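In our numbering, the protein residues as written are 45 to 206.
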């Protein structure tokens with residue numbers, strides 16, 4: 045059963061940041077407690093796995109905050125930032141803790157980048173054009189909530205098979 049967010053009123057920016065953090069944590073929580081083999085288990089045709097969802101979320105943080113808002117070149121990003129299926133790939137040597145730490149580092153950097161922007165400040169997306177920080181917050185809230193739902197379903201299937 046889902047619980048309501050701790051914050052239900054307040055300044056728009058703070059509410060957006062709290063909801064984004066809530067969905068970041070929800071995504072991580074879908075994989076915590078699963079074994080290394082379980083987080084890599086493929087239950088769908090795509091590359092979607094519990095660990096892959098978190099790896100992809102780290103990519104999304106870098107893409108939207110480092111590339112789009114900050115305007116860094118791809119080579120200047122602190123990890124994978126190319127929008128393709130590679131964003132879900134986890135190397136054999138990476139553990140769940142490693143991937144969670146990568147996502148948390150990317151999220152922390154996103155927070156630092158966002159601190160220098162107002163909600164209406166923009167970056168340029170290659171196909172969408174100008175996008176505001178507000179848009180990026182809303183987009184990632186939606187994306188991480190959707191992926192947490194994917195993770196919940198995968199976790200349910202994995203734990204039912206034990």
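All C-beta atoms in this analysis are idealised placements derived from N, C-alpha and C, irrespective of residue type, glycine included. Values in this document were obtained by computation on a predicted structure and should not be read as measured data.
Are residue 230 and residue 177 touching if we call contact CB-CB under 8 angstroms? Residue numbering for the chain in the displayed model covers 45 to 206; residue 230 lies beyond these limits and cannot be assessed.
Does the distance from the CB of residue 161 to the CB of residue 113 come in under 8 angstroms? yes
Could you check what DSSP says for residue 174 in three-state terms: helix, strand or coil? strand
Take every Cβ of the segment 193 to 202, pair it with every Cβ of the segment 109 to 128, and state whether three or more of those distances are shorter than 8 angstroms. no
Euclidean distance between Cα positions of residue 121 and residue 154: 11 angstroms
At least 3 beta-carbon pairs within less than 8 angstroms: the segment 97 to 105 vs the segment 167 to 176: no
Rounding to the nearest angstrom, what Cα-Cα distance links residue 83 and residue 95 in this structure? 5 angstroms
Buried or exposed by the 16-neighbour rule on C-beta atoms within 10 Å, applied to residue 134: buried
Do you know how far the Cα of residue 139 is from the Cα of residue 53? 38 angstroms
Could you pull the DSSP bridge partners for residue 169 from this structure? 173
Length of the line joining the Cα atoms of residue 137 and residue 186: 30 angstroms
Can you check the segment 136 to 160 for any alpha helix (DSSP H) of at least 4 residues that lies completely inside it and give the ranges in chain order? 140 to 159
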